[in-house]
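Accompanying notes for the structure given below.
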Amino acid sequence: MTALLEVSHVSKHFVTGGRLSRSHIDAVVDANLSLSSDASEIFTIIGESGSGKTTLARMILGLEHPTSGDIRFEGKRNAERRTRAARRDFYRRVQPIFQNPFETFNPLKRVDRYLHASARTLFGARTASEAESVIDGALHKVGLSLREVAGRYAHELSGGQLQRVAIARALIPNPSLLIADEPVSMVDASLRMSIVTLLRDLRDEFGVSVIYITHDLATAYYISDRLVIMQKGYVVEMGPARPILDAPEHPYSRLLKDSVLSITDAGTDGLVSADRSESAAAWERVGTATLQEREDGRFVRL
Amino acid sequence: MKAYSWFVLKRFAQMIVVIYVGVSTAFLITHLSPINPVDSMLSSITTRSNFSPEAIEEMRAALTDLYGVDKPLLEQYVNFWQRFLQGGDFGPSLLAFPTPAMTLVMRALPWTVLLLSTSVLITWFLGNLFGGLAGYFQNSRLLKVFGVASMGVQPIPYYIVAFLFLIFFGFVWPVLPISGAYAMDVQSGWNIDFILSVIQHAILPVTSLIVVGFGTWFLGMRALVSNIVNEDYVTYAELAGVPRRRIVFSYVMRNAAVPQLTALALVLGSIFSGTIITEQVYNYPGLGTLLVDAVNTGDNTTVLAVSTVAITAVAIAIFVVDLLHPLLDPRVRAS
Amino acid sequence: MTENVLTVTSLKAYYRMAYFGVDREVRAVDDVTLSVRKNEVYGIAGESSSGKTTLIKTFASAIRPPLKIVGGSMTYHFENGDIDPYAAPKAKVDALRWSHLSYIMQGSMSLLNPVRRIRRTFEDFAFRPMGLPSSEFWGRVESHLQRLDLSPNVLSAYPHQLSGGMRQRVTIALATVCQPEFVIADEPTTALDVVVQKDVLAMIRDVQRQMGSSVVFVTHDMSVHANIADRIGIMYAGRLVEEGPTRTLLAAPRHPYTAHLVASLPRIGDTTPKVALEGRPPNLAEPPTGCRFHPRCPLAIEKCTTDVPPLEPVGLDHRSACWRSAEVRPLTRIGHQELEVAG
Amino acid sequence: MLAVVRDLIRYNKEFTIGAVLVAIIVGFSCLSFFSPVDPTLVYLVPPERPPSTEYWFGTNSRGQDLFWQATFAIRNTLAFGLLVAVLSRIISLTVGLVAGYIGGWVDRVLMSINDVVVALPIFPILVLVYFVLRADLTTLKLAIVMACFGWPFDARLIRSIAVGLRHREFTHHAVFAGMSARKIMFEEHLPYVMPIVLSTAMANMIWSIGLSVTLAVLGFTDLNIPSIGTMLYWANNHSAMVVGTWWWIAVPVVLVVVTFVGLYLLAVSLNEYIDPRSRLRRMGGAALVSATSTLVAEGGAAPVPTLGADVRGEPEGRP
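Same order as they appear, the protein sequences are chains A, B, C and D. If you use my numbering, the first sequence corresponds to residues 8 to 309, in order. If you use my numbering, the second sequence corresponds to residues 2 to 336, in order. If you use my numbering, the third sequence corresponds to residues 20 to 362, in order. If you use my numbering, the fourth sequence corresponds to residues 5 to 323, in order.
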């Protein structure tokens, strides 16, 4: 079983501030996860802001280099991809989806620019018509068509549409891994589910694995196969998605779940500020705590 | 206060580096010239009669020290720094032989500092005040007039504005003295007549500097404030019905002052150049007039002395302005 | 004395803009009638381009060109009498600010003046409206902070020294220190993390209960409304399409947009397929004719495309603007009531 | 391109005035190519004649026709300003982009050099350079020296834009879409860098011309090349004010003032026009028909970063 992606003992340590007023931040501490290339799955990374989930995603994408440990995609480390050709191969296999659709597209340029670039350089389409058919195919996968998108500027489309175009662009080289960093947080709630279900359909119909980064437990519950919960850089709970979210074991996971508001608590007056004591206590011991395995396959850092 | 002391230390180190690089640049430039100044300056002295031999000897020593052909460049560089650090003993000037060049410079420096500090203070405050009001009250016609005037005057160089003022007050409406720092018949010292005369003579140069400087600050502040006005904390204060005067000064202007102070540190170098150019037009006895006279008489030591002192003075002035920065911006103080 | 604190009758507020020769009128708020009762949290929900932010800007009488009131009227009912902010002189309206009417703005991170200690900001905002001698004023402020379990030494800090959540709490304390009768909150918790969000919402609800004042709470997040609002008004394309008590509106919506909105939200523990709302948010420079939801509405009929449905009562304290409101069924089950799922 | 100019002229008063002034100056300086007389020769016409139908700008004490003299003067001054502007743009663009894009210690080193050069008073150094080189300080050498001191203000500005662009999401998007670094820099990022380069180029021209005129008036340059500065130098030398030939001073002063004001207005309006934010608003103008872009700023989940604030219209300010 060749591993699609292996993240072993990866840590990332930032030093900010000038030479004199230094401040040290451990963004990610000893993160481990692996995706197999046999079965496509949706692997979710859950965490609040500052939990290190985005830093981990950027390291997998090669936008940041880990301070220690290494990340291998199909056996090769990012640092080994020196030449442009090697990097292009990596881009054919791994594609990102960014958070803010309006920031993903250069507001001054037409939207289909990126589609053509991917079709030509990544997919290798030689003629314009070949490129257009590849693009149209990818757009259909996300429920759009080239006619709707050609020649348009980013602000002429809605957030939901733009995000779909971004996903279509990522699908052009038929990647085996999509890394979606909070892909729906900027999209209207009613349209959010259409994109979340789209990610699930991509897994089922096209065998694309997705690393889904979010702070929203509800969407995570809806589409994830496995998930990781991160607290200030540490993986505190990891394993099969639904069992963990139905009955979280780690105090921080429980705190997260209790804090999630839902329309079902209408009229139940359940709005009382969450009790942080247990989670704070667990955080004190995080340095010495280790990941302990449970029967249902999850790991909890206690 | 630990953060503040770190900040001061960092800024002080920056100043030292600027002085070192600037003064070294001056040294290198003087050594670019093909002709060797030693014999040219000595010959022009010895042709003039009855100067004490020790003074001539002293000049020869200084010149060979600095420009001696036989000495390697590195040794001259070391000598140069030794002389600079001993209070700028570059040897006697040609202009007023045998008085040392540095004495002439030290006599001229205070006048430049007087002109520079008064004009910078006035333009910085007035320019930012009116620019801030123009940025906040964008419909007021009076402030729009200021805007148009600033746009008209701001690009005009110091020399031209000073020259136009000179013509106006020299020929058209001669009510102000147009040259020198104080009247001849006044005894210099801390007496009233002298001070009044100094003020009267300074009016024209300072006004000329203010007219040029005001536009820069006015337009910079107006652009800055027209952005700050859309900041959340300003809109929120307006929503809360906080009195307009309090919003304009403590919210809008107070926040705009921080970047405007950094801007002052950035442009101090060019304002200094402008000041000594303006001095020369009114032959105000500052560094500018001294520099031009030195160049016209081929006085190497004084030109070198003026350049090095100018570079050092600007570096110190920038350091002082940087020290004010944390006082205006608590984020720097507490970071 | 009506038991309302604010009545709005057929309010119209449009953006009128001219850009390089292109004149455009955007009908952000188009004929909205609603009233906010005393001692109530009235939630206003709506997605992008629904007009909800423009609506509450008109509530706070904080509009500047190019936004203009083009029709209808609005009246505050405060202790010292009724006042129409758009008819009354500016000075009289400004006198209301912070004493009777306060505002918690979006962008909670940058509402406090960065170069000014929190103490001075409290003084700027609250000293004049409170009208108390200085010692008594600071006593009142400190007790108010204690009640919101904020330590008084937060007053001597600068905003950048506080965390995001703490800054939001201080803003809420600032907006409620004068015990105003009417507080407008525009997406106050959108930028916060889930855990901090719940604390801040609980804080807003507690303060509202202690002061007995009315809060208009705007957010696009229906689950926030479910937890904090007593009544909810749903905005779509500049119009109020449904209004009712929170529980009834979520469990038994009587407008297709609300039904779809509620049904499309994922919940932990619920894996039933979610039906997303198709189509694009409306274009308010040229809104669709008749009911503005008809292009995306599964129940739309000929009448919907021509006539604008009025906001009619459809139940106790429950109004809906839909020609087929009777036939609207909830698309999902909420709570324990047994309601079959609409076709 | 024509549409851009038409748009600017219609909606931007400053641009129109600026363009007219600069056009006059450039036109006037082109006349120098048709000048019947060699500007360096003296005593060709009766000296000190006031402006008249025969000698439009009058003649000076050195027997030169000021009209033709002025065409050469303004041409040389403008050419010098352009040369310094181009040279200093090259340096500030390279330093700014390299520091911005590469970052790390390269950025710190370049920026500390920048901070040192910015703190040096330029006039005394230029005088020192003249004093040392004297005759062989050709215009080209002076231009190079000025360019070496004129780049730091703008390098930091360009760097901050480059740093901003490097971290924007659409840059990562372009990289992953397979665009080459060159294509990203020239097609994606250039429209953001151009406004700064253009407006700072004009500001730099104003600065360098101002300094060169000042040096020339003091006699610190090659005095027989006709330029605005040397004209003023000879006018002073012959104490024009005392003698009464006021037009000898008025001509160069008016010309240089018109040049500066024209360049300045052009720089300000061009910067405002090319500035991506206002371009967005103009595109937004056309796209206002689809009000989603307006009302997206209404709230909901998709705040539009720059467009929202702009589309709400020009702030009318507070009456």
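Just so you know, even glycine gets a beta-carbon here, dropped at the ideal spot from N, CA and C.
| query | Expressed to the nearest angstrom, what Euclidean distance is found between the alpha-carbon atoms of residue 150 (chain D) and residue 78 (chain C)? | reply | 59 Å
| said: Let's test the definition: count the other Cβ atoms within 10 Å of the Cβ of residue 34 (chain D) and tell me whether it reaches 16, buried, or not, exposed. | reply: exposed
| request: Say whether the segment 297-308 of chain A touches the segment 270-277 of chain B, bearing in mind that this needs 3 or more beta-carbon pairs closer than 8 Å, one atom from each stretch. | output: no
| query | Does the beta carbon of residue 267 (chain D) sit closer than 8 Å to a beta carbon anywhere in chain B? | reply | yes
| said: If you reduce the DSSP assignment to three classes, tell me which class residue 290 (chain D) lands in. | reply: Here residue 290 (chain D) scores only 38 on pLDDT, less than 50, and its place in the model should not be relied on; the value that follows carries that caveat. It is helical.
| task | Step through the CB atoms of chain D and report whether any lies within less than 8 Å of the CB of residue 113 (chain A). | result | yes
| Residues of the segment 104-127 of chain D whose Cβ lies closer than 8 Å to any Cβ of chain B, in chain order | 116, 119, 120, 122, 123, 124, 125, 126 and 127
| Just reading off the alpha helix (DSSP H) that residue 242 (chain C) is part of, what are its end residues? | 241-247
| request: Return the residues of the segment 193-218 of chain D that lie within a Cβ-Cβ distance of less than 7 Å from chain B, sorted by chain order. | output: 210, 214, 217 and 218
| query | Starting from residue 39 (chain A) and walking both ways along the beta strand (DSSP E), at which residues does that stretch end? | reply | 30-43
| request: Would you mind reading off the limits of the beta strand (DSSP E) that contains residue 345 (chain D)? | output: Because chain D spans 5 through 323 in this model, residue 345 (chain D) falls outside it and cannot be assessed.
| said: Between the alpha carbons of residue 210 (chain D) and residue 79 (chain D), how many angstroms are there, rounded? | reply: 14 Å
| message | Here's a check: name, in chain order, each residue in its chain whose Cβ is nearer than 6 Å to the Cβ of residue 254 (chain B), leaving out the five neighbours to either side. | response | 133
| query | What residue does the alpha helix (DSSP H) around residue 99 (chain A) start on, and which one ends it? | reply | 91-100
| field | DSSP beta-bridge partners of residue 299 (chain A) | value | A:307
| Pick from B:30, B:97 and B:79 that is closest to residue 45 (chain B), judged by C-alpha positions | B:97
| task | Quick one: give me the first and last residue of the beta strand (DSSP E) that residue 87 (chain C) is part of. | result | 86-97
| task | Look up residue 53 (chain C) in the DSSP assignment and give the residues it is bridged to. | result | C:27
| query | Residues of chain D with a CB under 8 Å from the CB of residue 292 (chain B): which are they? | reply | 128 and 131
| task | Output yes if chain C places a C-beta closer than 8 Å to the C-beta of residue 191 (chain A); else output no. | result | no
| field | Cβ-based contacts, 9 Å cut-off: residues of the segment 47-71 of chain D near chain B | value | none
| query | What residues of chain F sit near residue 172 (chain D), judged by a beta carbon separation below 9 Å? | reply | Of the chains in the structure shown, none is chain F; the protein chains are A, B, C and D.
| message | Could you check whether the Cβ of residue 285 (chain C) sits closer than 8 Å to any Cβ belonging to chain A? | response | yes
| Assigned secondary structure, residue 193 (chain D) (DSSP; H/G/I helix, E/B strand, else coil) | helix
| task | Using a Cβ cut-off of 8 Å, pull out every chain C residue sitting near residue 251 (chain B), in sequence order please. | result | 132, 135, 139 and 143
| query | Roughly how far, in whole angstroms, is the beta-carbon of residue 216 (chain A) from the beta-carbon of residue 184 (chain A), given that I think they are within contact range, below 8 Å? | reply | 5 Å
| Chain-ordered neighbours of residue 261 (chain D) on chain B, where CB pairs are closer than 8 Å | 157 and 161
| CA-to-CA distance, residue 307 (chain A) to residue 85 (chain C), given in whole angstroms | 56 Å
| said: My output table needs one value for residue 257 (chain D): the three-state DSSP class, helix, strand or coil. | reply: helix
| query | To the nearest angstrom, how far is it from the Cα of residue 4 (chain D) to the Cα of residue 64 (chain D)? | reply | Residue 4 (chain D) lies beyond the stretch modelled for chain D, which goes from 5 to 323, so this question has no answer here.
| message | Quick check on this structure: which residue in D:192, D:123 and D:201 has the alpha carbon closest to the alpha carbon of residue 158 (chain D)? | response | D:201
| message | If we require 4 or more residues per run, which alpha helix (DSSP H) segments fall completely within the segment 125-172 of chain B? | response | 142-154 and 159-168
| How would you label residue 230 (chain D), buried or exposed, when you count the other beta carbons within 10 angstroms and need 16 or more for buried? | buried
| request: Can you give me the start and stop residues for the alpha helix (DSSP H) that residue 236 (chain B) sits inside? | output: 233-240
| request: Given a cut-off of 8 Å, decide if residue 126 (chain A) and residue 142 (chain A) are closer than it, judged by their beta-carbon atoms. | output: yes
| Does the Cβ-Cβ distance between residue 317 (chain A) and residue 281 (chain A) come in under 8 Å? | The structure shown does not extend to residue 317 (chain A), since chain A is modelled only from 8 to 309, so the question has no answer here.
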